[in-house]
Amino acid sequence: MPGLHVSTTVNGDVTEFVCQPDETLLDVLRNRLGLTGAKEGCGTGDCGACSVTIDGQLVCSCLVLGAEAEGCKVGTIEGLADGDTLHPLQEQFIEHAALQCGICTPGFLVAAKALLDDNSNPSDEEIRFALAGNLCRCTGYDKIVRAVNAAAKDVRKQQARLQKQARLKKAAKKRR
Amino acid sequence: MAHDTSFTNQEFKVVGSRPPRPDGLDKVTGRALFGADTFAPGQLVGRILRSPHAHAKIRKIDTSRAEKLKGVKAVITSRDLPDLTNGNRGNFDILENCMARDRALYDGHAVAAVAAIDEQTARKALKLIKIDYKILPHVTDVDKAMAADAPIVQPHIRHDDKPSNIANVSEFGHGDVDAGFDQADVVIEKSYLTEQAHQGYIEPHACLASVGPDGQGELWVTTQGHFTFRNVCASLLGMDIAKLKVTSSEIGGGFGGKTHVWMEPVALALSRKANRPVKLVMTRDEVFKASGPTCSTSIDVKIGAKKDGTVTAASATLRYQDGAYPGPWGMLGAMTSWACYDFENVKSVAYDVLVNRPKVTAYRAPSAPMAAFAVESTMDLLAKEIGMDPVEFRIKNAAKEGTRASYGPTYGPIGIGPTLEAVKKHPHMKAKLGKNQGRGMACGFWFNFGGQTCTDLNIGVDGTVNLTIGTVDVGGSRASMSLIAAEELGIPYERIKCNVADTASLGHNDTTVGSRGTFSSGMATIFAARDAIDEMKERAAKAWEIEVEDVEWRDGCAHAKGVAHSNLAPMSLKEIAAASPTTGGPIAGHNEVVADGAGVSFASHICDVEVDPETGFTKVLRYTVVQDAGKAIHPDYVEGQFQGGAAQGIGWALNEEYVYGEDGRLQNASFLDYRIPVCSDLPYIDTVILEIPNPNHPYGIRGVGETSIVPPLAAIGNAVSNAVGVRLNHVPMSPPRILKAIKEKQAGL
Amino acid sequence: MLEVSLSGSLRDATDGAASIEIEARTIRELLRKLVERYPRLQSRIDEGVAVSVNGEIYRDNRDVPIPEGAEVFLLPRIQGG
Ligand code: FES
Ligand code: FES
Numbered sequence: 001m002p003g004l005h006v007s008t009t010v011n012g013d014v015t016e017f018v019c020q021p022d023e024t025l026l027d028v029l030r031n032r033l034g035l036t037g038a039k040e041g042c043g044t045g046d047c048g049a050c051s052v053t054i055d056g057q058l059v060c061s062c063l064v065l066g067a068e069a070e071g072c073k074v075g076t077i078e079g080l081a082d083g084d085t086l087h088p089l090q091e092q093f094i095e096h097a098a099l100q101c102g103i104c105t106p107g108f109l110v111a112a113k114a115l116l117d118d119n120s121n122p123s124d125e126e127i128r129f130a131l132a133g134n135l136c137r138c139t140g141y142d143k144i145v146r147a148v149n150a151a152a153k154d155v156r157k158q159q160a161r162l163q164k165q166a167r168l169k170k171a172a173k174k175r176r
Numbered sequence: 001m002a003h004d005t006s007f008t009n010q011e012f013k014v015v016g017s018r019p020p021r022p023d024g025l026d027k028v029t030g031r032a033l034f035g036a037d038t039f040a041p042g043q044l045v046g047r048i049l050r051s052p053h054a055h056a057k058i059r060k061i062d063t064s065r066a067e068k069l070k071g072v073k074a075v076i077t078s079r080d081l082p083d084l085t086n087g088n089r090g091n092f093d094i095l096e097n098c099m100a101r102d103r104a105l106y107d108g109h110a111v112a113a114v115a116a117i118d119e120q121t122a123r124k125a126l127k128l129i130k131i132d133y134k135i136l137p138h139v140t141d142v143d144k145a146m147a148a149d150a151p152i153v154q155p156h157i158r159h160d161d162k163p164s165n166i167a168n169v170s171e172f173g174h175g176d177v178d179a180g181f182d183q184a185d186v187v188i189e190k191s192y193l194t195e196q197a198h199q200g201y202i203e204p205h206a207c208l209a210s211v212g213p214d215g216q217g218e219l220w221v222t223t224q225g226h227f228t229f230r231n232v233c234a235s236l237l238g239m240d241i242a243k244l245k246v247t248s249s250e251i252g253g254g255f256g257g258k259t260h261v262w263m264e265p266v267a268l269a270l271s272r273k274a275n276r277p278v279k280l281v282m283t284r285d286e287v288f289k290a291s292g293p294t295c296s297t298s299i300d301v302k303i304g305a306k307k308d309g310t311v312t313a314a315s316a317t318l319r320y321q322d323g324a325y326p327g328p329w330g331m332l333g334a335m336t337s338w339a340c341y342d343f344e345n346v347k348s349v350a351y352d353v354l355v356n357r358p359k360v361t362a363y364r365a366p367s368a369p370m371a372a373f374a375v376e377s378t379m380d381l382l383a384k385e386i387g388m389d390p391v392e393f394r395i396k397n398a399a400k401e402g403t404r405a406s407y408g409p410t411y412g413p414i415g416i417g418p419t420l421e422a423v424k425k426h427p428h429m430k431a432k433l434g435k436n437q438g439r440g441m442a443c444g445f446w447f448n449f450g451g452q453t454c455t456d457l458n459i460g461v462d463g464t465v466n467l468t469i470g471t472v473d474v475g476g477s478r479a480s481m482s483l484i485a486a487e488e489l490g491i492p493y494e495r496i497k498c499n500v501a502d503t504a505s506l507g508h509n510d511t512t513v514g515s516r517g518t519f520s521s522g523m524a525t526i527f528a529a530r531d532a533i534d535e536m537k538e539r540a541a542k543a544w545e546i547e548v549e550d551v552e553w554r555d556g557c558a559h560a561k562g563v564a565h566s567n568l569a570p571m572s573l574k575e576i577a578a579a580s581p582t583t584g585g586p587i588a589g590h591n592e593v594v595a596d597g598a599g600v601s602f603a604s605h606i607c608d609v610e611v612d613p614e615t616g617f618t619k620v621l622r623y624t625v626v627q628d629a630g631k632a633i634h635p636d637y638v639e640g641q642f643q644g645g646a647a648q649g650i651g652w653a654l655n656e657e658y659v660y661g662e663d664g665r666l667q668n669a670s671f672l673d674y675r676i677p678v679c680s681d682l683p684y685i686d687t688v689i690l691e692i693p694n695p696n697h698p699y700g701i702r703g704v705g706e707t708s709i710v711p712p713l714a715a716i717g718n719a720v721s722n723a724v725g726v727r728l729n730h731v732p733m734s735p736p737r738i739l740k741a742i743k744e745k746q747a748g749l
Numbered sequence: 001m002l003e004v005s006l007s008g009s010l011r012d013a014t015d016g017a018a019s020i021e022i023e024a025r026t027i028r029e030l031l032r033k034l035v036e037r038y039p040r041l042q043s044r045i046d047e048g049v050a051v052s053v054n055g056e057i058y059r060d061n062r063d064v065p066i067p068e069g070a071e072v073f074l075l076p077r078i079q080g081g
């Protein structure tokens, strides 16, 4: 079959690839772009190990065709840290021992990031339901929920700091 | 060299703390490489064709059209994996399970395989392989398989001098149970069923194989035991052990399921035929159908007690379904069934039974959860019958130091009593319950093992340390090993880097099973570090020009002993390492050990549930695990093992089961239909770590990884019974089963 | 002199004997002498056995000394997950 040419942005970088019409985005990321952070646990949308974002929206990349990424912004686990600064979720997953084998971890982090982007003050209940599409067989989820809670707190602190900075800047501008 | 492995009750500086794990950063950034995450130049994609029939004769396989398809580089059948096992039945079973010979024994049994330039081509090629099957009668139910007229799964297996599906009968116990039952005031007899469950690791089996015509090869694979995989694969393919290098990838969960060779010889044979690297990854469907789950069972239990709560006799008949190949699973059920208790008259008889289902393998404390479900449910019934609190009833009958275990030996210091006392005192036991809510508790036992272990420790000139272990890290053990090395050497945890070696770089290590990782590699790490310390003392003595007897090791430094040497300032590990090039070269420690005496482990769990009487749906509201760990090296990962095991047990208790149709086909081979617990299904899982030191380990370590899956089935069954007054004797206690029981009770049946 | 108890499933190799008196100072010597007396035990030992000495289970270490009068059990080899 002739391949399809696709142009996208992956983790902020302009990326082009050629793929088969029936090839999943997950296979493209893993096999053609070398981004093996997203994992295939099932290939049927049931485990969340392949979670990525497309234009900010959380999806199972095993259920998306590579060709559908045309013109979209794809976000993967490889783009979660900012250079050498880890995202608070990454920090807290390590701190809280929220991973045992770690195969589910990229999917959980991407899904939890999508949750916190949307709601930085989730209840336990909201966390548990937001992550219900991601399977973990090792941890019993206890330490994962605790880590997300702790990261949410960090994110809120960050947000407050940024807001304060913005306010001060505005005030300084006014004075000038 | 033999070392004293006795418990020494030393004070710890870093063991027991909770530093971040060394592989954490790689795992939160997506960099960690699991089984499917590596690539080789020129790599092909492998795929396996599997039998759609539960039992069928393979009359003919025609691969000619597949071979002609453009892009196909190799097609193999059993002809390409000839029998080189030389009468070793265990290995032959592995071989035949990897690639069927004249018969397909279950839905999902491999019959042929291809390697092609890409996934699409490989899939197309599978469709072009034509197989002429003659369908044979099948059996998938354990009780039916024992019937005299059942279809025979393995004709070479005989029982009572006839071909039979009963592969093994095991018997354990002591005393005279008949006399014991005669003394009882109350006797309860009950039958139980448990359905087949899968380990459900999120990472499917995956490997990258590369073999050349010169008989040398490499295998990158997700496994709990790469040394065992090497030995098995080399012998099945007729390769020299030393010429097959196996590297264990990061492993995405195993729980026993990755102790066994399911498809790796197929990848190697494809690679050998194509003379190119072949990557072979199972789909989830294949994982369910063709990598071994645990047994389904049918168990009868009988317990008799006096009114004062003394159990006078207990007996169990256990029938375990092993899939198409015999295993030790029924035997393990028999051995573990009564292990928590001190009974005068006790007996277990177990049958290992073959059916047309995938070959069973270990699943976390294999065989113990089903036996515990039957025993602990009956213990609760009996407690109720004689009007005794179920915890008190168990405490009264609990095994202790000096008790003769039902499986034979006499116990040393053990933890069942202390876990029960801790349960009694736990605030969870006093929390209020609402309508349709109930509380249950249950106990569990597992053996733990040690085994062959080999460890290297190399000290760099800057005083940092490479610790090289051969037991696969399934749940954070590299952090625990680093803590142990730091403790022994007296240097900070951060100065140690622990790696898992490939099979070419270290001596043999047994598979990481039976909760052995921390126990046995921990032991080898202690002795390897002490070996290096001896060498460092020599080096310091040389530098100081004194006798080595006058040097001692404390707090990461060599100290010269005695007033005569009081002018000599302590020499740190870092200083000794820096001087090593001129004091005799590199400094290394080494140890190989057969670490026996892993110590038995016990747990008691408490759980609260709420049952919806309209739907039969059960929600777990609160859960507490109390378990003896011997010594918790890194408490985070001990808690993690407790919580993970409990969650697996909860899933099995309430939802997880293999569903076979009349046609002998597996009907729910996906995570959608085989539903494991998700985040919103579970509460936080509280843990209480008890530390009753194992007398056979310098630090007192016991295995911790397995016991936590044993009590949940019964704990939940007991809680459901206390919530809505129906006793479930069939696991999983799914909503339809609970609803049916409630309806029957209402109808007065 | 030691009394070695055999778990049920091994007894078919010892003509049904549930316990055997034998003189042995290590597990290696014990297994050797057992096979001398009951040659059919060899295949069971090859398949894998474990020996419990005073309550402690040994699977691989054949050098373990057996004290006089110790409680000794011969069990099938067991494995975990
Ligand atoms: S691999 Fe996509 S959801 Fe499981
Ligand atoms: S940590 Fe192993 S599956 Fe989540």
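Protein chains in written order, with my numbering: chain A, 1 to 176; chain B, 1 to 749; chain C, 1 to 81. Every residue gets a Cβ at the ideal spot worked out from N, C-alpha and C, and that includes glycine.
| query | Can a CB atom of chain B be found closer than 7 Å to the CB of A:Gly41? | reply | yes
| said: Going by the DSSP bridge assignment, what does B:Glu218 pair with across the sheet? | reply: B:Ser210 and B:Lys245
| field | Between the CA atoms of B:Pro390 and A:Leu90 - distance to the nearest angstrom | value | With the sequence shown as reference, residue 90 of chain A is identified as Gln, and Leu is not the correct amino acid for it. Distance between the alpha carbons of A:Gln90 and B:Pro390 is about 44 Å.
| query | What residues does ligand 2 have around it, judged by CB closer than 6 Å to any heavy atom, in chain order? | reply | A:Leu99, A:Gln100, A:Cys101, A:Gly102, A:Ile103, A:Cys104, A:Cys136, A:Arg137, A:Cys138, A:Thr139, B:Ile202 and B:Gly253
| Which residues in the same chain have their Cβ closer than 6 Å to the Cβ of B:Lys400, if we skip the five residues on either side of it in sequence? | Gly417
| Any C-beta of chain B under 7 Å from that of C:Ser52 | yes
| Relative to ligand 1, is the shortest distance from any of its heavy atoms to the C-beta of A:Gly41 smaller than 6 Å? | yes
| said: Any beta carbon from chain B within less than 7 Å of C:Pro39's own beta carbon? | reply: no
| said: Does the CB of A:Ala78 have a neighbour CB from chain B at under 7 Å? | reply: A small fix is needed here, since residue 78 of chain A is Glu in this sequence, not Ala. With 7 Å as the cut-off, A:Glu78 counts as an interface residue toward chain B.
| field | Where B:Tyr637 meets chain C, residues with beta-carbon distance less than 9 Å | value | Those within 9 Å of B:Tyr637 in chain C number zero; the least Cβ separation is about 17 Å.
| field | Pair within 7 Å by beta-carbon distance, B:Ala314 and B:Val349 | value | no
| field | One or two residues paired with B:Gln321 in a DSSP bridge | value | B:Val353
| query | Does the region 190-199 of chain B come close enough to the region 218-232 of chain B that 3 or more CB-CB pairs lie under 8 Å? | reply | no
| query | Are the beta-carbon atoms of B:Thr297 and B:Tyr320 separated by less than 7 Å? | reply | yes
| Should B:Glu662 be labelled buried (16 or more other beta-carbon atoms within 10 Å of its own) or exposed? | exposed
| message | Please report the straight-line C-alpha distance between B:His109 and B:Thr511, rounded to a whole angstrom. | response | 25 Å
| request: Quick one: measure Cβ to Cβ for B:Cys98 and B:Trp338, integer angstroms, because I've assumed they're closer than 8 Å. | output: Contact doesn't hold; Cβ gap of about 37 Å is too wide.
| said: Please list, in chain order, the residues of the region 100-132 of chain A that have any C-beta partner in chain B closer than 7 Å. | reply: Gln100, Cys101, Gly102, Ile103, Cys104, Thr105, Pro106, Leu109, Arg128, Phe129, Leu131 and Ala132
| said: Give me the residue from C:Glu71, C:Leu75, C:Ile45 and C:Asp15 with the minimum Cα distance to C:Arg25. | reply: C:Glu71
| Heavy atom of ligand 1 less than 6 Å from the Cβ of B:Cys454, yes or no? | no
| query | Does ligand 1 have even one heavy atom less than 6 Å from the beta-carbon of B:Ala145? | reply | no
| message | At a cut-off of 6 Å, would you count A:Ala152 as near ligand 3, judging by its Cβ distance to the nearest heavy atom? | response | In the structure shown, ligand 3 is absent; the only ligands present are ligand 1 and ligand 2.
| message | Can you check which of these residues, C:Leu10, C:Ala13 and C:Ser19, is closest to C:Met1 by C-alpha distance? | response | C:Ser19
| query | What do you reckon, are the CB atoms on B:Leu382 and B:Ile188 nearer than 7 Å? | reply | yes
| request: Give me the Cβ distance between B:Arg516 and B:Gly703, rounded to the nearest whole Å; I'm assuming they're in contact under 8 Å. | output: 6 Å
| said: If you measure between the beta carbons of A:Gly56 and A:Leu25, is that distance less than 7 Å? | reply: no
| In chain A, which residues lie less than 9 Å from B:Pro20 when you measure between Cβ atoms? | Ile94, Glu95 and Ala97
| Roughly how many whole angstroms lie between the Cα atoms of B:Phe642 and B:Glu535? | 39 Å
| Residues bridged to A:Thr24 [DSSP beta-bridge criterion] | A:Leu65
| query | Of all the beta strand (DSSP E) runs that stay within the bounds of the region 302-348 of chain B, which reach a length of 3 or more residues? | reply | 311-321
| message | Give me the residue from A:Ala114, A:Val18, A:Asp142 and A:Asp13 with the minimum Cα distance to B:Pro677. | response | A:Asp142
| request: Could you tell me which chain B residues have their CB closer than 9 Å to the CB of C:Arg59, listed as they occur along the chain? | output: Phe449, Gly450, Gly451, Val594 and Asp596
| Counting contacts by CB-CB distance shorter than 7 Å, is A:Asp82 in contact with chain B? | no
| field | Distance between A:Asp22 and B:Ala104 (C-alpha atoms, nearest Å) | value | 32 Å
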